[in-house]
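Numbers given in this note's numbering equal positions in the sequence shown, counted from 1, plus 540.
Single-structure report; data block below.
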Amino acid sequence: MSPQTRDSLISKLQRLNLDVNKHAPQVLQTEMDYRVTKSKISSKGEKKEAGGPCTEGLSVQKAASATIAFNKEDLLLGETKHNRPLYFTGYIKEIPIHRVQIDLGSALNLISTSTLEELGIPPSKLSHTSVSIFGYDGSAQRPIGKIRFRLQIGDLISEVTVYAIKTSSCYNILLGRPWIHENGVVPSTLHQCIKFVGDDGLIH
Numbered sequence: 541m542s543p544q545t546r547d548s549l550i551s552k553l554q555r556l557n558l559d560v561n562k563h564a565p566q567v568l569q570t571e572m573d574y575r576v577t578k579s580k581i582s583s584k585g586e587k588k589e590a591g592g593p594c595t596e597g598l599s600v601q602k603a604a605s606a607t608i609a610f611n612k613e614d615l616l617l618g619e620t621k622h623n624r625p626l627y628f629t630g631y632i633k634e635i636p637i638h639r640v641q642i643d644l645g646s647a648l649n650l651i652s653t654s655t656l657e658e659l660g661i662p663p664s665k666l667s668h669t670s671v672s673i674f675g676y677d678g679s680a681q682r683p684i685g686k687i688r689f690r691l692q693i694g695d696l697i698s699e700v701t702v703y704a705i706k707t708s709s710c711y712n713i714l715l716g717r718p719w720i721h722e723n724g725v726v727p728s729t730l731h732q733c734i735k736f737v738g739d740d741g742l743i744h
């Protein structure tokens, strides 16, 4: 290759590179506009091919809720073997309530009458209920009433309906499946913690 031919080729390549650099932002913007338009069309119900994966428009919330899992780092007691129930400290009207138990085996949310007294809630504030609570031995007990209030556990704030019972128990409040399912909570007695997807779409 002669020096003249080589210099001419280098000059053309340099001009080509300048043109690419000059128009690169426009090319990128066009590509972004295309992707946004395609995403909007998809979100309005555009049909997808059957059998193929569909990830366009997948929300952060759905992605997070589908990946809730526990690992060794979540073991709050380390590798220690235990048989502990799942207890937390909750807050009602900024009053700390210790021994709030989360139990998947309970079909109701319960609160002891002694806890109501600590909160300053008289029986007259309770609503009537015809629900019966059955124990392991099949015996039935009628709650003295029910009440709904705002409960905070960690950074999870929720409205919960509890049934008041007059009996001695190992918990002050028992949160069963109604509260667990309503708030999308995934509890682990083994790890001694719960996980849920917050309003920000992240796992807490």
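Ideal placement from N, C-alpha and C gives every residue a C-beta, glycine not left out.
Non-local beta-carbon contacts of Thr669 in its own chain, meaning distances under 7 Å to residues more than five positions away in sequence, involve Pro683, Gly685, Lys686, Tyr703 in chain order. The beta carbon of Ile693 sits closer than 6 Å to those of Phe628, Gly630, all from its chain and outside the five residues before and after it, given in chain order. Beta-bridge partners of Ser698 (DSSP): Leu691.
For Leu644 against Ile720, the beta-carbon gap comes to about 6 Å, under 8 Å, which counts as contact. The DSSP-derived three-state label of Lys612 is helix.
Scanning its chain for C-beta atoms nearer than 8 Å, with the 5 sequence neighbours on each side dropped, one finds around Leu616 the residues His731, Gln732, Cys733, in chain order. Cβ contact annotation for His744 (same chain, cutoff 8 Å, sequence separation greater than five): Gly694, Asp695, Leu696, Lys735, Phe736, Val737, Gly738, in chain order. Cβ-Cβ distances below 6 Å link Phe674 to Ala680 in the same chain, with the five nearest sequence neighbours on each side left out; the list follows chain order.
When C-beta atoms of the segment 706-720 are compared with those of the segment 651-664, three or more pairs fall below 8 Å, so the two segments count as touching.
When Asn611, Leu691, Tyr676, Val671 are compared, the shortest CA-CA separation from Leu659 is found for Leu691. Pro663 sits in a helix when the DSSP states are folded into three classes. At a Cβ-Cβ threshold of 7 Å, Ser646 and Gly716 count as neighbours.
About 7 Å separates the beta carbons of Thr729 and Arg624, which is inside the 8 Å limit, making them a contact pair.
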